[in-house]
Amino acid sequence: MFVLDAPAWAQQLAAKLRLLHADLAGVGHEQRGGFLQQEIRRALEDIVPERRKEYMEALAPYFPQGENSSPVAVPAVPGLEAPLTPEELLANLVRIAPLLPKRKLESFSLELQKAGYLPLETTALIDAPPEDLRGVFPMEEGRQVDLQRLYRLVHILGEFYVSLDKVTWNIWRALAPKSTFRKENSPLNDVSKMGGRYLTGDSEVSAEQLKQITGRLRQLLAGVLTAIGPAGRSFAQKHLARFSPDAIRDIVNQEAGFFSNLEQKCWRKYSELNQELSADGIEGELQEAIARYTENLIRGISRPPDA
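With the first letter of the sequence shown counted as 1, position 151 gets the number 150 in numbering that gives the first Met the number 0; the numbers rise by one all the way through.
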């Protein structure tokens with residue numbers, strides 16, 4: 000709000016006081032003084048307490064106290080010479096509390112809590128929750144969000160995300176050690192650090208950036224979980240293509256040998272191939288199938304890879 004300098008303010012107020020004094024000619028001296036005091040108080044409301052004395056001194060020459068004059072006396076206004084003490088300010092707040100609407104009281108409480116005067120325990124936020132939040136967490140119409148519970152919920156979900164992120168990427172490294180799809184280890188891709196900056200109002204961090212960070216984990220989780228079924232089928236098809244009776248028979252027919260009995264030859268070939276199998280080998284093939292399918296899914300290929 001624009002405020003005049005002291006001389007201009009004093010000149011303007013003096014003219015107003017003279018007019019008011021003339022209008023109150025028929026009013027008693029004591030009552031007239033009360034009206035003038037009220038007018039001065041109103042005029043001083045826009046002046047910071049530290050400068051009110053300066054403005055009052057600029058006003059004084061307009062009402063000289065000569066021996067033969069009867070000017071309008073400028074009454075002293077309580078509280079102008081020195082700022083109110085904290086106790087006086089508190090008393091004023093307590094006195095006007097019953098006159099304020101509930102919403103205004105809640106707003107004052109929030110400001111006092113931000114300033115550190117009150118502990119943050121169960122504070123209801125004044126603003127209504129945004130629609131996208133209500134879409135994830137349905138709330139009754141008109142119900143306010145409790146700030147402390149919001150903090151706790153963010154902590155629970157944040158802790159869950161950070162641990163899930165760590166476990167998922169560790170599993171992926173074990174599944175696909177040669178994959179080019181990797182977690183980018185930099186502060187700009189750390190949801191904890193970026194989330195902290197976002198919550199404290201850092202203008203360089205946007206919600207869209209956080210969505211991009213969490214989106215990579217979403218892609219990886221969806222890929223791995225979706226790959227389990229198709230990758231299992233892919234491994235089974237590969238196994239059958241190698242160890243099924245028809246596959247064994249085809250191999251035997253292509254090889255020369257001393258056994259004339261086909262069944263003996265097939266059993267011998269199966270036993271030979273079976274020795275190549277091991278728990279580690281099967282596990283490795285399954286992991287490779289899951290990794291291939293996951294990478295194809297992330298790249299936008301919806302079909303399972305060829306066995």
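Idealized CB from N, CA, C, for every residue including glycine.
Next item on the list: Please classify Val-201: does DSSP put it in a helix, a strand, or coil?
Entry: Going by the sequence as given, residue 201 is Asp instead of Val. If DSSP states are grouped into helix, strand and coil, Asp-201 belongs with coil.
Checklist line | Contacts around Asp-164, its chain only, beta-carbon distance under 6 Å, and the 5 residues preceding and following it disregarded | finding: Leu-216
Check: Relative to the alpha-carbon of Lys-15, which residue among Glu-38, Asn-169, Pro-128 and Asn-184 has its alpha-carbon at the smallest distance?
Finding: Glu-38
Next item on the list: Following the continuous alpha helix (DSSP H) through Glu-29, name the residue where it begins and the one where it ends.
Entry: 28 to 43
Margin query: Within 8 Å, do at least three Cβ pairs link the region 227 to 234 to the region 274 to 288?
Written below: yes
Check: Which value, in whole angstroms, describes the spacing of the CA atoms of Ser-191 and Thr-213?
Finding: 11 Å
Item checked: Through-space distance from Leu-19 to Pro-70, alpha-carbon basis -> Here the model assigns Pro-70 a pLDDT of 44, short of 50, so the residue's position is not dependable, and the following value carries that caveat. The alpha-carbon atoms of Pro-70 and Leu-19 are separated by roughly 13 Å.
Notebook entry, point to check: For the candidate residues Leu-149, Phe-234, Leu-239 and Trp-171, whose alpha-carbon lies nearest to that of Glu-282?
Noted result: Phe-234
Item checked: Continuous alpha helix (DSSP H) assignments of at least 4 residues falling wholly in the region 238 to 305 -> 244 to 253, 261 to 273 and 278 to 297
Checklist line | Asp-164 - partner residues in DSSP beta bridges | finding: In the DSSP output, where bridge partners are listed per residue, Asp-164 has none listed.
Note to self: Applying the 10 Å Cβ sphere with the 16-neighbour rule, what's the burial state of Arg-51?
What the structure shows: buried
Note to self: Is the beta carbon of Thr-225 closer than 8 Å to that of Leu-152?
What the structure shows: no
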